[in-house]
Each structure stands twice: as structure tokens, then as C-alpha cells.
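Below: the structure, in C-alpha cells.
There are 2 protein chains.
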Amino acid sequence: MPRVQLTREDVLDAATRLVVQHGPQDLTMRKLAAELGTAVTSIYWHVGNRESLLDALVERTVQEMGALVPRGRTPVDRVVSVARALRRELRARPHLIAMVHERGLTERMFLPAQQALVHEVHAAGLRGARAAGVVRAVQFQVVGHVLVERNRERSPVQSPAEADLWSPDLAEHDPALARALARPADPERVFVVSVRALVGALLGAAAG
Amino acid sequence: MPRVQLTREDVLDAATRLVVQHGPQDLTMRKLAAELGTAVTSIYWHVGNRESLLDALVERTVQEMGALVPRGRTPVDRVVSVARALRRELRARPHLIAMVHERGLTERMFLPAQQALVHEVHAAGLRGARAAGVVRAVQFQVVGHVLVERNRERSPVQSPAEADLWSPDLAEHDPALARALARPADPERVFVVSVRALVGALLGAAAG
DNA sequence: GGTTCTGCTGTAACACAGTTACAGGAGGAG
DNA sequence: CTCCTCCTGTAACTGTGTTACAGCAGAACC
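Below, the structure written as C-alpha cells:
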């Protein structure tokens with residue numbers, strides 16, 4: 001049989017496949033070797049060890065998060081568009097994103113977005129430390145929101161459900177509020193509202 | 001020798017100690033048994049298995065996050081005080097918080113804070129779905145910020161550092177901005193600024 | 001051609017993980 | 001004294017990451 005060379009890329013591809021499907025805890029060196037039709041030691045020769053392998057996957061993910069094209073007329077619109085694009089990318093690879101988070105690289109993954117933010121804040125007329133503060137605030141909010149959202153998606157039974165906590169006391173005072181909190185949140189909506197409010201406040205405060 | 005009864009609480013205490021010191025990956029059933037001077041099977045008898053044990057630790061952590069006393073005069077001040085208190089609690093147990101996050105229970109851990117938020121938003125005169133929206137927005141922001149901050153703390157070398165990305169292009173246009181972004185962010189400051197801006201915008205928009 | 005050297009693969013083992021079948025011991029209930 | 005329930009310990013099973021070591025293929029060199 002023709003000796004097919006196994007490359008580092010092959011290993012990473014197969015590992016990515018396994019992780020994307022069932023999460024990193026399901027990626028074992030032996031399974032990976034079986035998937036590739038080779039022996040465990042070959043894996044080790046190519047990627048060092050399991051930890052390096054996962055690091056490489058994370059690195060890849062971070063790289064892929066590169067190109068971002070802001071759209072919209074006003075700075076606020078453009079910031080929101082960047083944020084929404086990120087959100088879409090992240091939702092496509094939840095396991096990998098969790099790994100990025102576990103390695104403390106979430107921030108780095110968002111650096112391209114940070115550059116876009118700097119551009120927009122600058123365009124809005126902010127300068128110096130004040131501009132930096134706004135960039136940081138927005139970045140924290142966007143990154144944070146994505147983390148929260150991912151958390152919510154994985155959240156199990158939600159017991160006690162949010163609803164249970166409001167019914168007794170609040171339902172009489174403000175049934176509409178109770179009902180609204182009982183409904184599952186629409187993350188996209190919360191997201192857009194928050195970003196708009198924050199950016200509007202911080203940019204507006206400088207302009208006015 | 002006097003037969004000292006091992007209780008489930010003892011097991012949880014010892015496990016908490018190990019996790020707080022070196023993280024969950026360092027908590028093995030045998031180490032835990034050794035720590036307690038007992039056999040592995042006793043651990044299993046008391047807590048079922050490793051996963052249940054970790055679940056119990058997380059559960060405990062969530063419970064301990066209970067009592068929160070808002071301070072301040074204005075609703076904004078009171079919301080900020082709650083958020084800061086949470087932040088302090090979380091920073092004391094990073095490993096446990098990470099475990100809460102991994103289990104998707106971060107939101108549930110923040111439910112007491114959510115109740116406080118509802119109270120303040122109500123006090124500010126907001127009602128119904130609109131109030132719910134504000135609560136959600138603030139909650140997402142606070143939770144998200146804490147996750148980001150924890151992420152930053154664990155972040156390794158930060159290569160490429162944020163500074164490297166700004167120096168070439170931006171340093172000439174706006175050196176103050178470049179310098180500000182090169183400095184490490186003060187999370188507390190970013191936090192307070194953001195919460196104030198967001199809450200101010202959302203509550204003010206309703207009042208005005 | 002023969003030899004050697006590099007790059008890669010496979011065999012078989014190691015230590016350690018979670019887990020459990022099974023055999024008890026301690027101490028109260030009858 | 002016996003039984004029964006709660007709890008503990010011994011020793012094993014499987015599966016994990018990892019590696020020492022022996023090889024194979026093919027290029028390079030003499």
C-alpha cells in the first residue's frame with residue numbers, strides 16, 4: 001500500500017473534527033490515532049503532546065477570527081456590525097471558543113475587533129485616554145456578552161428557573177415585568193440594546 | 001484508635017481546599033482520600049463519583065453567593081455597589097468560579113443580584129417589559145465583565161501584546177491613545193465607568 | 001552498490017486516573 | 001448472640017497520557 005505521509009495539518013484537522021463534534025474531553029490520543037489510521041506515537045511525533053495539540057487548535061481558532069469588515073453609516077452602527085459578526089463566528093464553534101476562554105486567550109481573539117473599535121471611536125472624534133477608555137469599555141462589554149451568552153446556551157435545567165423567583169412577590173406589583181423576565185431572553189436583542197446604549201452614552205457624553 | 005466518622009461535609013471541605021489551592025485538575029480521588037486519611041471507596045460512598053463531587057462544590061459556591069446588601073442613594077449607585085460586591089466575592093475563588101462557569105451556572109449564581117437589580121430598576125420608575133430589558137442588559141454586562149476580567153487575569157504572556165498592535169499606525173496620530181491602550185487596563189475603573197454609562201443611559205432614556 | 005542518516009511509524013510498556021466487586025468491621029436492634 | 005445497616009478497606013478493571021525502544025523507507029553520501 002502506498003505510504004501516505006501524515007502531516008501535522010492532518011492531525012490538527014482530525015482533532016478539530018473530534019473537538020467540534022463532542023468537545024475536548026472526547027479527544028483522546030488513541031481515538032485520534034484510530035481516526036487517522038495510525039499509531040499513537042505518530043501523533044506525539046507531530047504535535048508533541050495533548051496539551052500542545054489543544055493549544056494548536058486554539059491558536060488556529062484565534063487566527064481564523066481575523067478578517068472583520070465594519071458596516072454601517074454611523075460609528076455606533078459600525079461597532080454594532082462588528083460585534084454581531086463576531087457573535088456569529090463564535091456561535092459556530094462553541095467548544096473551541098470555550099477552550100480559548102479556558103486558556104485566557106479570549107481577549108487576544110478579539111484584538112482585530114479592538115482595532116476596528118479604535119478606528120470608530122477615533123472617527124467619532126474622541127482622542128487620547130478618553131478614547132482608550134471607551135474602547136476598553138465596549139470591548140469588555142462585547143466580549144463579556146458573548147461569554148454570558150455561551151454560558152446560557154450550555155446552562156442545564158435552570159433550576160430554580162428565573163420565573164420561580166419573581167412570581168410570588170412581583171407578579172402582583174408588575175405582572176408585565178414578571179412575564180417578561182419569565183420569558184427566555186433574546187440575546188441578540190439584549191446585545192444590540194446594550195451596545196447601542198453604552199456606545200451612545202460614551203460617545204455622546206464626549207460630543208455634548 | 002477512636003473511629004472518627006467521615007462525613008460528606010468533611011469530604012466537600014477537603015475537596016474545596018484542594019480545588020481552591022491548585023484547581024480542579026489537581027483534585028484526584030486518591031489524593032483526596034489520602035488527604036482525609038481514608039480509602040478511596042469511602043469517598044465514593046459519600047459523594048457518588050467525581051463529577052457529583054465537583055457539582056456539589058459548585059452548588060455550595062452558588063449558595064454562598066447569596067446575601068447582597070445594596071448601598072448608596074441613587075439607583076445607579078446601588079446597582080454599582082451590588083456589582084462591586086459580587087466582583088470582590090468572585091475574585092476570592094477563581095477556580096470555583098471557573099467551575100461554575102464551565103457548568104453553565106454563572107447566571108444562576110447571579111440571581112440574587114438580579115433580584116436587587118429588579119428592585120432598583122423598579123425604584124427608578126421603570127415598569128413592564130422595558131424594566132425587564134434593562135435588568136437583563138445590566139445583568140449581562142456585569143456577569144460578562146466579571147468573566148472577561150477573570151479571563152484577563154489568567155491570560156498568559158499576552159503575545160502579541162496589545163501595545164504591539166497600535167504602535168506603528170496609531171502612535172503618530174494619537175500617542176496619548178496608544179499609550180493608554182499600552183497600559184494594562186484597570187478593570188475596576190472600566191467596570192464602574194461602563195455600568196454607570198449603561199445604567200445611566202437606560203434609566204435616563206426612560207425618564208426623559 | 002553499500003552505508004549511514006534522517007524522518008517517521010509501530011510495539012509494548014509505564015504510571016496514574018476513575019470506578020467498582022467484594023469482603024469485611026462497628027455498633028445498635030431484636 | 002445474632003442480624004442488619006452503615007461505612008471502610010483490598011484489589012482489581014478499564015482507559016488515559018506518555019515514552020523507551022526497535023524498526024522501516026528513502027534520501028544522501030562515499
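Chains as they are written, first to last, in the UniProt record's numbering: chain W, 1 to 208; chain L, 1 to 208.
Note that beta-carbon positions come from the ideal geometry of N, C-alpha and C, so glycine has one too.
Roughly how many angstroms lie between the CA atoms of Val195/L and Arg103/L, to the nearest whole one?
Position 195 of the second sequence, counting from 1, holds the residue named residue 195/L. Position 103 of the second sequence, counting from 1, holds the residue named residue 103/L. One C-alpha to the other measures close to 26 Å.
Could you work out which residues of chain L lie near Gln141/W, taking near to mean beta carbons separated by less than 9 Å?
On the first sequence, residue 141/W is found 141 positions in, with the first residue counted as 1. What Gln141/W touches in chain L: Phe140, Gln141, Gly144, His145, Val148, Ser194 and Leu198.
Excluding sequence positions up to five away, which residues of its chain have a Cβ less than 7 Å from the Cβ of Leu54/L?
Counted from its first residue, the second sequence places residue 54/L at position 54. Excluding sequence neighbours, Leu54/L sits near Pro24 and Met99.
Examine chain L for any beta-carbon lying closer than 7 Å to the beta-carbon of Asn151/W, and answer yes or no.
Along the first sequence, read from residue 1 onward, the residue named residue 151/W stands at position 151. Interface residue, yes.
Cβ of Val82/L within 7 Å of Cβ of Pro94/L?
Walking along the second sequence from the start, residue 82/L turns up at place 82. Walking along the second sequence from the start, residue 94/L turns up at place 94. Against a cut-off of 7 Å, the Cβ pair of Pro94/L and Val82/L comes out as no contact.
C-alpha gap between Pro2/L and Leu12/L, whole angstroms:
Working through the second sequence from its first residue, we reach residue 2/L at position 2. Working through the second sequence from its first residue, we reach residue 12/L at position 12. Legend: pLDDT at Pro2/L = 36, less than 50; position of this residue unreliable, no value from coordinates given.
As a quick exercise: from Gly144/W, His173/W, Arg136/W and Phe140/W, pick the residue whose alpha carbon is nearest that of Arg127/L.
In the second sequence, residue 127/L corresponds to position 127, counting from 1. With distances taken between Cα atoms, Arg127/L lies closest to His173/W.
Taking only beta-carbon positions, decide if Arg127/L is within less than 7 Å of chain W.
Start at 1 with the first residue of the second sequence, and residue 127/L comes out as number 127. Under the Cβ distance rule, Arg127/L counts among the residues neighbouring chain W, one pair being separated by less than 7 Å.
Is Ala176/W close to chain L? Criterion is C-beta to C-beta, closer than 7 Å.
Residue 176/W sits at position 176 when you count from the first residue of the first sequence. Closer than 7 Å to some Cβ of chain L, the Cβ of Ala176/W qualifies, so yes.
CB contact below 7 Å: Leu181/W versus chain L:
Here residue 181/W is taken as the residue at index 181 of the first sequence, counted from 1. Interface with chain L (7 Å Cβ-Cβ cutoff): Leu181/W is included.
Within 10 angstroms of the Cβ of Asn151/L, are there 16 or more other Cβ atoms? Answer buried if so, exposed if not.
Translated into the one-based positions of the second sequence, residue 151/L becomes position 151. With 16 or more Cβ atoms within 10 Å of its Cβ, Asn151/L is classed as buried.
When you compare the CB of Leu202/W with every CB in chain L, is at least one pair closer than 7 Å?
The sequence position of residue 202/W within the first sequence is 202, counting from 1. With 7 Å as the cut-off, Leu202/W counts as an interface residue toward chain L.
Could you spell out the range, first to last residue, of the alpha helix (DSSP H) harbouring Asn151/L?
Counting from 1 along the second sequence, the entry for residue 151/L is found at position 151. Looking at the DSSP string, the run of the alpha helix (DSSP H) that includes Asn151/L is Gly128 to Arg154.
Looking at the C-beta of Arg136/L, does it have a partner C-beta in chain W at a distance below 7 Å?
If you number the second sequence from 1, residue 136/L lands on position 136. It does: the Cβ of Arg136/L has a partner Cβ on chain W nearer than 7 Å.
From Met65/W, Ala180/W and Leu147/W, pick the residue whose C-alpha is nearest to that of Gln114/W; which is it?
As a working mapping, residue 114/W is identified with position 114 in the first sequence. Per the Cα distances, Met65/W.
Against His106/L, what residues of chain W qualify as contacts under a CB-to-CB distance less than 9 Å, listed in chain order?
By one-based count along the second sequence, residue 106/L stands at place 106. The sequence shown places Thr at residue 106/L, not His. Ordered by position in chain W, the residues that pass the 9 Å Cβ test against Thr106/L are Leu147, Val148, Asn151, Arg152 and Ser155.
Please return the same chain residues whose Cβ sits closer than 8 Å to the Cβ of Arg108/L, not counting the five positions on each side in sequence.
Within the second sequence, residue 108/L is the residue found at index 108, counting from 1. Val62, listed in sequence order.
Rounded to whole angstroms, what is the Cα-Cα separation between Val193/W and Thr28/W?
What you label residue 193/W is simply residue 193 of the first sequence in a count that begins at 1. What you label residue 28/W is simply residue 28 of the first sequence in a count that begins at 1. Val193/W and Thr28/W: Cα-Cα distance of roughly 42 Å.
For Ile97/W, which of Leu68/W, Arg154/W and Ala129/W has the nearest alpha-carbon?
If you number the first sequence from 1, residue 97/W lands on position 97. Looking at the Cα atoms, Arg154/W is the closest of the given residues.
Does DSSP classify Ala14/W as helix, strand or coil?
Mapped onto the first sequence, residue 14/W falls at position 14. The answer is helix: DSSP assigns Ala14/W an H, G or I state.
Cα-Cα separation, residue 209/W to Ala34/W:
With chain W represented from 1 up to 208, any question about residue 209/W goes unanswered, as that position is not in the structure.
Select from Ala137/L, Pro187/L and Arg183/L the residue whose C-alpha is nearest the C-alpha of Gly200/L.
Residue numbering aside, residue 200/L sits at position 200 when the second sequence is read from its first letter. The shortest C-alpha separation from Gly200/L is found at Ala137/L.
Taking only three categories from DSSP, how would you classify Leu86/L?
Within the second sequence, residue 86/L is the residue found at index 86, counting from 1. In the structure shown, Leu86/L adopts helical secondary structure according to DSSP, grouped into three states.
Excluding the 5 residues flanking Val135/W on each side, which residues of the same chain have their C-beta closer than 8 Å to its C-beta?
Translated into the one-based positions of the first sequence, residue 135/W becomes position 135. Here the set comprises Gln114, Leu117, Val118 and Val121.
Reference Ala182/L; option with closest CA among Glu188/W, Lys31/W, Ala132/W and Ala39/W
The residue you call residue 182/L lines up with position 182 of the second sequence. With distances taken between Cα atoms, Ala182/L lies closest to Ala132/W.
For Leu68/W and Leu202/L, the rounded distance between their alpha carbons:
As a position in the second sequence, residue 202/L is number 202, starting the count at 1. As a position in the first sequence, residue 68/W is number 68, starting the count at 1. In this structure, the CA atom of Leu202/L is about 29 Å from the CA atom of Leu68/W.
Nearest residue (CA-CA) to Thr74/L, options Ala56/L, Phe110/L, Val40/L and Gly125/L:
The residue given as residue 74/L occupies position 74 in the second sequence. Proximity to Thr74/L across Ala56/L, Phe110/L, Val40/L and Gly125/L peaks at Gly125/L, based on C-alpha coordinates.
Does His22/W pass the burial test, meaning 16 or more other C-beta atoms within 10 Å, or should it be called exposed?
Position 22 of the first sequence, counting from 1, holds the residue named residue 22/W. Classification of His22/W: exposed, given that the 10 Å Cβ count is below 16.
Whole-angstrom distance between Ala14/W and Leu57/W, CA atom to CA atom
Working through the first sequence from its first residue, we reach residue 57/W at position 57. Working through the first sequence from its first residue, we reach residue 14/W at position 14. Answer to the nearest angstrom: the Cα atoms are 10 Å apart.
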